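These notes are about the structure you will find just below.
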Ligand code: ATP
Ligand code: FE
C-alpha cells in the first residue's frame, strides 16, 4: 500500500510517500517570506503553497522512486490550520485523486503530529509506542495532553486555555527581538544561561489544562521594569532570560504531564509537535524516564515540526480501515482532535 501525503496547514508545503508504513520520501519547502514580518502572513503563505505544491509533490515521488500510477491513495491535511493554506492542499488533493481515480483520505493535523511516532524509516524500525500511551502535543498552535487509545481514538484530557507553548516561546522571543520563529533561538541561547536567574509566574489552573498568557505578561513586565534601570538589559541578559523562560515553560508542561501519568497509571509517554524539538523538553523527558520509570518516545527532529510523512502515515492507517472521505469534504480552520 503506497500513500502520498500532503501537508499545507501553515507555512510549510510538504509531500511524502509511505509504503506499508515505511517512509520512502519526505520533502518540505519552508517559506522564508514570513521572516521579515515576524510571523506567518496568511495571504503570502497560500500564494507560496500554490507555487510550491507541484514541484514538492514531483520531488517526493521522484525521491521515493515511484510513479504516481503506483499510488494506492492520497492523504491530505484537512485542518486545523490557516484556511487559505489548507485550501491549496485540499484543492490539489481533490484534483489529483480525481485524475488518478484513487481514494482520498482526510487527516486531522493534530492527530498527524501524534502519529509521527509511527513513521518507520526502515523495515526493522520497531520503536513505535504501544497503546494506550499519553502524548504531550506541544506545537505553535496547541498544547494538549492526549490519551492515545488507538490510531483513531485520541482523547484530549487537557489543553491550553489561552496561548500554546510554542506561542509562548515565539512571543517572548519576539519582544527580545530574536526573530521568527523564536523557539529554536531561545533553545540555543538557553544553553549558555542560568535557568534560575529570573523567576517567572507559573499558572494555577485546575486539572490537566495549561495557560501561558500569564507567563508571557510576567516576562514582558520583567523586561519593562529592568529596561527602565538599564536600557541594555535584554542584550546583557539574553542567555539568562532565555534559560529562565525555557525552564519555566518546561516546568509548567511537566507538572501537568506528571499529574496525568500518575492519575491514569499510563507510564508510556510521548511528546509531539514543534516544541518537542526543544532540548529542555527532551532533557525533562529523559529525567522523568529515569526518576519515574516512564517509557518515553521522543520524535526524530525532522518529524517534530510540520511534515507530510506524519500525514501519510495517518493516511496509511485510515486506508487499512477503508476510512476514506468524499471529494466534497471542505477544509476546517479550527477543531479539536
Ligand atoms: P499546529 O500544529 O498547532 O497547527 P504549527 O504547525 O505551527 O502549529 P509546529 O510546526 O508543530 O506548529 O511547531 C512550530 C512551533 O515549534 C513554533 O512555535 C516554534 O517556535 C516551536 N519550536 C520549534 N523548535 C523549537 C525548539 N527547539 N524550542 C522551542 N520551540 C521550538
Ligand atoms: Fe503543526
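In the UniProt record's numbering, the protein residues as written are 4 to 340.
For every residue, glycine included, the Cβ atom is placed at its ideal position computed from N, Cα and C.
Keep in mind it's a predicted model, so treat the numbers as computed, not measured.
Check: Of the residues 195, 79, 131, which one's Cα is nearest the Cα of residue 119?; Outcome: 131
Check: Is it buried or exposed for residue 298, if we count other Cβ within 10 angstroms and need 16 for buried?; Outcome: exposed
Check: What number of angstroms, rounded off, separates the C-alpha of residue 317 from the C-alpha of residue 221?; Outcome: 39 angstroms
Check: Tell me, please, which residues DSSP counts as bridged to residue 161.; Outcome: 148
Check: Which one or two residues does DSSP pair with residue 213 in a beta bridge?; Outcome: 163
Check: Hey, which unbroken runs of the alpha helix (DSSP H) at 4 residues or more fall wholly within the segment 198 to 254?; Outcome: 216 to 232
Check: Are there 16 or more other CB atoms within 10 angstroms of the CB of residue 95, so buried, or fewer, so exposed?; Outcome: buried
Check: Could you please give the first and the last residue of the uninterrupted beta strand (DSSP E) stretch that includes residue 332?; Outcome: Per DSSP, residue 332 belongs to no beta strand (DSSP E) and is neither H nor E.
Check: Specify the secondary structure class of residue 121 as computed by DSSP and reduced to three states.; Outcome: helix
Check: Do residue 9 and residue 80 have their C-beta atoms closer together than 8 angstroms?; Outcome: yes
Check: Can you list the residues near ligand 2, meaning Cβ strictly closer than 5 angstroms to any non-hydrogen atom, in the order they appear in the chain?; Outcome: 142, 309
Check: Can you name the start and end residues of the beta strand (DSSP E) that residue 274 belongs to?; Outcome: 271 to 275
Check: Using a Cβ-Cβ cut-off of 8 angstroms (strictly less than) and excluding sequence neighbours within five positions of residue 164, which residues of its own chain qualify?; Outcome: 208, 212, 213, 214
Check: For residue 120, is the beta carbon positioned less than 7 angstroms from some heavy atom of ligand 1?; Outcome: no
Check: Do residue 195 and ligand 1 come close, with the Cβ less than 7 angstroms from some heavy atom?; Outcome: no
Check: Please state whether DSSP places residue 1 in a helix, a strand or coil.; Outcome: This structure leaves residue 1 out entirely; the chain is present only between 4 and 340.
Check: Below 8 angstroms on the Cβ atoms is my contact criterion, and I expect residue 274 with residue 151 to pass it. Report the Cβ-Cβ distance as a whole number of Å.; Outcome: About 12 angstroms; that fails the 8 angstroms criterion.
Check: Leaving out the 5 sequence neighbours to the left and right, which residues in its chain are closer than 6 angstroms to residue 243 when beta-carbon positions are compared?; Outcome: 196, 197, 200
Check: Report the rounded CA-to-CA distance for residue 1 versus residue 68, giving the unit in angstroms.; Outcome: Here the chain covers residues 4 to 340 and nothing more, so residue 1 does not appear.
Check: Report buried or exposed for residue 202, applying the criterion of at least 16 other Cβ atoms within 10 angstroms of its Cβ.; Outcome: exposed
Check: With a cut-off of 8 angstroms, do at least 3 Cβ pairs link the segment 269 to 287 to the segment 36 to 45?; Outcome: no
Check: Please indicate yes or no: does the CB of residue 116 lie closer than 7 angstroms to some heavy atom of ligand 1?; Outcome: yes
Check: Spatial neighbours of residue 82 within its chain, please: C-beta separation below 8 angstroms, excluding the five flanking residues on both sides.; Outcome: 12, 89, 111, 112, 334, 335, 336, 337, 338
Check: Ordered along the chain, which non-local residues of its own chain (more than five positions away) have a Cβ less than 8 angstroms from that of residue 330?; Outcome: 97, 100, 101, 107
Check: Can you list, in chain order, the residues of its chain with a C-beta nearer than 8 angstroms to that of residue 236? Leave out the 5 residues immediately preceding and following it.; Outcome: 226, 229, 230
Check: Using three-state DSSP, classify residue 278 as helix, strand or coil.; Outcome: helix
Check: Report buried or exposed for residue 147, applying the criterion of at least 16 other Cβ atoms within 10 angstroms of its Cβ.; Outcome: buried
Check: Taking just the CA atoms, how far does residue 7 sit from residue 168?; Outcome: 30 angstroms
Check: One question on the structure: do residue 24 and residue 145 come within less than 8 angstroms of each other, judged by their Cβ atoms?; Outcome: no
Check: Which value, in whole angstroms, describes the spacing of the CA atoms of residue 234 and residue 240?; Outcome: 11 angstroms
Check: Can you tell me which of the three DSSP states residue 310 falls into?; Outcome: coil
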